[in-house]
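Protein chains in written order, with the working numbering: chain A, 1 to 489; chain B, 1 to 453; chain C, 1 to 95. A short write-up of the structure that comes next.
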Amino acid sequence: MEMLDLPAHELRDAVAGRRVSAREVAERSLVRIERLDPRLKAFLTLRKDAALRDADALDASIARGEPPGPLAGVPMALKDNLCTRGVRTTCASRILGNFVPTYDATVVEKLRAAGALLVGKTNMDEFAMGSSTENSAFGPTLNPWDVTRVPGGSSGGTTAAVAAGLATAGLGSDTGGSIRQPASLCGVVGLKPTYGRVSRFGLVAFASSLDQIGPITRNVRDAALCLQAIAGPDPRDSTSASVETPDFLRDLEAGAKGLRLGIPKEYFGAGIDPEVASAVEAAIDVLRRAGATTQEVSLPHTDYGIAAYYVVAPAEASSNLARYDGVRYGLRAADTRGLLSMYEETRRQGFGREVSRRIMLGTFALSSGYYDAYYQKALKVRRRIKDDFDAAFGSVDALVCPTSPVPAFKLGEKADDPLQMYLADVFTVCLNMAGLPGISVPCGLAGGKLPIGLQILGRAFDESTVLRVARAYERETDWHSRRPEVAEA
Amino acid sequence: MPGVLPVLNRAAYELGIRAALALHCEIAPFTKFDRKNYFYPDLPKAYQISQFDIPLSRQGWLDVDVAGRALRVRIHRAHLEEDAGKLLHPELREGGDPADDGGGGGGVRAGRAGYSLVDFNRSGVPLLEIVTEPDMRTPEEAYEYLTALKRVLQYSGVSDCDMEKGSLRCDANVSVRPRGSETLGTRTETKNLNSFKFLAKALAHEAARQIKVLEAGGRVVQETRLWDPIAGETRPMRSKEEAHDYRYFPEPDLVPFVITPAEVERIRAALPEMPAERCARFVEQLGLPPKDAEVLTTDRGLAEYFESCVALENAPRAIANWLLGDVRKEMNERHLDIESLPVRPERLVELVRLVEGAQITRLVGKDVLTEMVVSGKDAAAIVREKGLLQIADAASLGPIVDKVLGANAKAVTDYRAGKKAALSSLVGQVMKETRGKANAPLVTRLLQEKLGG
Amino acid sequence: MKVDPALVDHVARLARLGLTPDDRLRYVSELTRILAYVEKLNTLDVAGAEPLVHPFEGRNVFRPDAVQASPPPEDGLANAPDRIEKFFKVPKVIE
């Protein structure tokens with residue numbers, strides 16, 4: 001078996017036990033990236049020499065007998081909206097095309113401390129706005145299962161890299177499904193933690209009350225391992241929760257027996273691909289056979305999720321992205337006349353279509369005369385959405401449903417119709433609105449070749465149960481071990 | 001920088017509550033922050049974290065003395081927000097040095113170089129914005145309000161209120177209305193008021209400008225104007241800007257804040273007595289003249305020094321006289337403030353006791369004070385070392401008086417010829433002989449006796 | 001909600017987003033269509049609902065008033081598109 005296809009925890013143990021050197025792992029990863037990434041375009045920036053230097057330092061420290069971290073020697077890919085000191089961080093936007101942060105995000109610090117080898121920064125929808133990674137100023141990333149299709153988004157670069165084995169694991173961010181949906185479309189595991197579980201310090205903001213960083217891996221245990229490494233309160237993020245970080249590995253193998261699972265009926269309605277529906281129903285059967293009990297539940301405001309989300313997220317985004325004004329960093333349009341023209345030209349040239357659209361939408365929703373009817377109203381619906389989950393979790397331990405209504409769609413298929421693209425998030429946005437944790441795990445292949453994802457949603461700060469259900473399912477199936485064949489470019 | 005997040009400084013929050021309490025405001029049991037969105041080069045996120053609909057505090061007041069008349073200025077609200085950066089305009093100073101506009105936005109003069117500079121060093125620093133009701137009618141009232149406000153804020157330890165450092169800044173709204181009219185006219189806001197003097201000048205100028213506009217049949221436009229201290233006038237600041245729409249919404253990067261009654265009481269209990277109340281108490285309970293009480297209470301340190309002294313020796317008038325007279329003179333000459341004065345209250349009280357108890361003369365006392373400041377020694381030691389105890393017995397003074405009379409025949413003659421003023425010259429001579437130690441009334445009596453009344 | 005070109009211009013100006021004539025037309029149709037979808041929110045009665053801003057009701061998060069090492073000024077200026085010494089340079093602010 002190719003070393004890079006090992007689960008992160010096994011690879012880590014091999015490096016820690018000096019059966020393989022970190023240097024060797026890093027080199028293999030970089031070679032594979034060099035070979036396959038011209039085809040997939042998952043990476044925007046590589047840390048070639050830096051990753052090798054880090055690997056050498058790690059090998060030296062292990063040789064000195066220092067205890068290796070929980071991710072020692074694991075090659076990891078970082079979504080390009082996570083600030084990395086000295087390494088270009090673009091958010092796949094022209095406006096940050098030359099931006100080099102002078103600090104590391106908290107999660108980056110934590111991964112370094114855990115011994116991870118950070119091999120590069122990955123492509124994404126610009127400022128994480130999109131569901132296909134087509135909205136990148138640097139061109140789309142392709143789905144390793146079918147290069148005529150999208151990998152999903154917005155964390156499509158990390159997801160494609162992990163699915164194709166260019167990296168063993170990676171980090172994405174999830175504002176309305178941006179970890180879970182691409183994980184579903186690429187046949188990997190994607191975990192969106194509870195809002196506040198992971199520090200957002202150093203994550204370039206899209207929508208501050210929805211954004212959350214999480215791991216993208218090839219199995220559930222690795223997701224737990226990565227979450228363990230990045231979770232915890234951070235004094236630099238006021239919204240990081242001051243709750244204890246549990247041992248996410250403790251109950252991982254506890255199985256499904258005795259768990260009460262809810263099946264939200266609104267997640268199986270019109271618009272869902274029949275193959276997706278049957279794969280998810282089969283997965284629920286697997287969990288039932290593994291000892292879980294199931295019951296139908298209702299989340300009545302699900303159908304309003306997209307509408308409310310596409311007010312709240314753009315509203316926050318319009319404010320968060322106002323700082324890209326050509327003054328302190330990033331692009332400044334050349335040859336403008338005066339301040340106003342400098343602002344307007346810089347932003348016109350710097351932002352892509354989808355980002356501009358959401359800035360317009362969000363600015364409108366907050367503007368005088370429309371605030372109550374749009375923004376305020378959406379926040380009230382948001383309350384109802386959260387109430388729905390609270391009610392459901394009164395009688396069940398987790399919810400199971402599809403992650404995406406459809407498998408990977410063709411490049412360009414939805415690119416001209418923003419509303420159709422927004423509707424791709426129909427099963428993922430409500431979780432962000434409520435701040436709850438969720439995971440997507442592979443549960444089938446549509447037409448025998450396009451991955452389908454099973455989504456498991458949990459109570460606030462109960463990632464342990466989410467991971468336990470996911471692992472219980474994974475133990476009974478081998479969908480997670482299917483790997484795409486990627487031809488060289 | 002992208003990715004960076006705000007966290008509220010606890011001291012800023014507590015000082016904000018303290019200031020609000022000192023201004024008799026109601027403290028909100030629940031407060032939150034909002035984003036005020038607008039583009040300006042000094043605003044690094046293109047929004048300012050401020051408070052919109054639920055400010056930290058509301059509805060307070062401050063009593064102001066305007067030339068002996070009491071004026072109560074109502075406080076509309078006091079809320080926390082973050083400071084912006086500073087805009088600089090390169091051409092203002094000779095030699096091309098960047099000149100500071102001092103205020104939270106806008107510059108003073110158009111530049112020829114076609115650019116402005118931004119310094120973000122102070123951006124994100126917490127500040128408290130205190131907004132009054134339209135309760136002041138003249139520039140003088142505004143001046144006195146700001147003076148009183150500064151005193152309260154300094155007193156409560158909230159701020160040093162140093163305008164030069166920017167720790168107190170002021171934007172002033174002005175409107176005019178016809179005599180007898182009940183409704184306020186359209187107001188303008190003036191920025192860049194870097195000193196109390198500018199405040200009064202700018203207000204007077206702006207009111208006159210508005211009157212002129214109205215009398216010419218024009219209309220006052222609600223706008224932000226900038227005081228230009230060089231030209232001595234206000235001018236519109238954002239002339240080309242459309243109407244503002246700040247698109248306030250709750251700041252998602254900060255959590256809300258709950259202020260319990262117990263917390264409010266804890267902060268209230270730690271508040272010192274405010275200057276106006278303290279001044280009244282000094283007059284009523286300690287019998288100080290109002291003028292002295294006011295001077296003593298302007299500076300909290302001075303007032304507390306005074307109170308420490310009075311606690312040791314119940315002689316408020318004498319102590320006030322020393323503090324406002326010789327002690328202040330010593331401080332001025334040596335550039336000391338009350339905190340750095342080496343003579344602490346217990347030492348000053350010893351000196352006052354020596355003088356009041358007639359052990360040394362007032363004249364000697366002044367020199368002893370100087371010596372105390374310079375050497376740090378206590379009064380008794382100085383008196384002992386230098387033999388400065390007052391000579392107050394006729395037996396000791398008699399020979400000295402005789403000697404002086406013998407040596408000053410002309411003064412004696414003058415006195416006897418009816419020039420009573422000659423007596424004080426003779427007293428002076430005795431004092432000189434005794435290096436100020438002689439008890440002056442006794443000397444006078446002895447001289448009069450010997451000169452035959 | 002009918003979005004007209006004047007509204008597009010107004011919103012774009014608030015957002016300091018330059019528009020080409022094509023952009024303006026595109027936004028008229030796109031925003032109209034998206035808002036028509038969003039208006040399904042109006043079919044819900046949410047009069048009694050408390051607006052939800054933060055997913056969780058965290059309260060009173062402070063940092064201590066302690067002096068911390070600040071990053072060197074050069075870090076803040078490193079990405080400046082235009083600068084003079086320790087200042088960011090911008091087009092003249094007032095006419």
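Ideal Cβ placement from N, Cα and C applies to all residues, glycine included.
Item, Value
"Secondary structure at alanine 8 of chain A, three-state DSSP: helix, strand or coil?", "helix"
"For the putative contact between glycine 69 of chain A and alanine 8 of chain A, defined by C-beta atoms under 8 Å, what is the C-beta separation to the nearest angstrom?", "Contact flag wrong, Cβ pair sits at about 12 Å."
"Determine, using beta carbons only, whether alanine 408 of chain A and leucine 191 of chain A come nearer to each other than 7 Å.", "no"
"Report the CB separation of valine 7 of chain B from serine 238 of chain A in whole angstroms; it is logged as a contact under 8 Å.", "5 Å"
"Compute the beta-carbon to beta-carbon distance between leucine 225 of chain A and alanine 472 of chain A, rounded to the nearest angstrom, for a pair I have assumed lies under 8 Å.", "17 Å between Cβ atoms; not a contact."
"Listed in chain order, which residues of the stretch 69-93 of chain C have Cβ atoms closer than 8 Å to some Cβ of chain A?", "Pro71, Asp75, Gly76, Ala78, Asn79, Ala80, Pro81, Asp82, Phe88, Val90, Pro91, Lys92 and Val93"
"Would you give the residue range spanned by the alpha helix (DSSP H) that glutamine 181 of chain A belongs to?", "180-186"
"So, valine 188 of chain A versus valine 220 of chain A, is the Cβ gap smaller than 7 Å?", "no"
"Please confirm if glycine 107 of chain B has its CB atom under 7 Å from at least one CB of chain C.", "For glycine 107 of chain B, the predicted model reports a pLDDT of 42, less than 50, meaning its position is unreliable; a value from the coordinates is still stated below. Output row for glycine 107 of chain B: interface = yes."
"Could you tell me whether the Cβ atoms of phenylalanine 201 of chain A and aspartate 174 of chain A are closer together than 7 Å?", "no"
"Mind listing the chain A neighbours of lysine 40 of chain C? Cutoff is C-beta to C-beta under 7 Å, in chain order.", "Tyr304 and Ala307"
"Can you list the residues of chain B that glutamate 316 of chain A reaches, using a CB-CB cut of under 7 Å?", "Pro252"
"Thinking C-alpha only, which one of B:Thr413, B:Ile17 and B:Leu388 is nearest lysine 432 of chain B?", "B:Leu388"
"Roughly how far, in whole angstroms, is the beta-carbon of proline 275 of chain B from the beta-carbon of arginine 151 of chain B, given that I think they are within contact range, below 8 Å?", "5 Å"
"Quick one: what does DSSP say arginine 35 of chain B is sitting in, helix, strand or coil?", "strand"
"Which stretch, first to last residue, makes up the alpha helix (DSSP H) that contains lysine 403 of chain B?", "394-407"
"Counting only beta-carbon atoms, is aspartate 101 of chain B nearer than 7 Å to chain A?", "Any answer about aspartate 101 of chain B is weak, because its pLDDT of 45 lies below 50 and its placement is not dependable; what the coordinates show is given next. No, its Cβ sits nowhere closer than 7 Å to a Cβ of chain A."
"Going by DSSP, name the residue or residues bridged to aspartate 13 of chain A.", "None, per the DSSP bridge assignment."
"Taking Cβ-Cβ distances below 8 Å as the criterion, which residues of the stretch 108-133 of chain A are in contact with chain B?", "none"
"Chain B partners of cysteine 83 of chain A, CB-CB under 9 Å?", "Met1, Pro2, Gly3 and Val4"
"By Cβ distance, which residues of its chain are closer than 7 Å to phenylalanine 490 of chain A, with the 5 residues on each side in sequence left out?", "The structure shown does not extend to residue 490 of chain A, since chain A is modelled only from 1 through 489, so no value can be given for it."
"Using DSSP's beta-bridge definition, name the partner residues of leucine 43 of chain B.", "DSSP lists no partner for leucine 43 of chain B."
"Indicate the three-state DSSP secondary structure (helix, strand or coil) for glutamate 129 of chain B in the structure shown.", "strand"
"Tell me, please, whether the CB atom of arginine 323 of chain A is closer than 7 Å to any CB atom in chain B?", "yes"
"Apply the 10 Å Cβ neighbour rule to threonine 403 of chain A and answer buried if 16 or more other Cβ atoms are within range, or exposed otherwise.", "buried"
"For proline 236 of chain B, decide whether its Cβ has a neighbour in chain C, counting only Cβ atoms nearer than 7 Å.", "no"
"Just list the residues that DSSP pairs asparagine 143 of chain A with in beta bridges.", "A:Asp146"
"Have a look at glycine 185 of chain B and phenylalanine 196 of chain B and give me their C-alpha separation to the nearest angstrom.", "24 Å"
"Taking the DSSP output, what are the residues bridged to glycine 214 of chain A?", "A:Gly172"
"Is there a Cβ from chain A that is less than 7 Å from the Cβ of alanine 6 of chain C?", "no"
"Starting from glycine 58 of chain C, find everything on chain B with Cβ-Cβ shorter than 9 Å and list it in chain order.", "Val255 and Pro256"
"Return the chain-ordered list of same chain residues with a C-beta closer than 8 Å to the C-beta of valine 443 of chain B, the five sequence neighbours on each side being excluded.", "Leu397, Val401, Val427, Val430 and Met431"
"Can you name the residues that DSSP bridges to alanine 398 of chain A?", "A:Leu261 and A:Gly458"
"Need the endpoints of the alpha helix (DSSP H) that threonine 106 of chain A sits in, please.", "106-113"
"Since isoleucine 500 of chain A contacts leucine 203 of chain A with CB under 8 Å, what's their CB separation in whole angstroms?", "Residue 500 of chain A cannot be examined here, being either before or after the span of chain A that is shown, 1 to 489."
"Under 8 Å: do the stretch 98-116 of chain A and the stretch 302-312 of chain A share three or more Cβ pairs, one atom per stretch?", "no"
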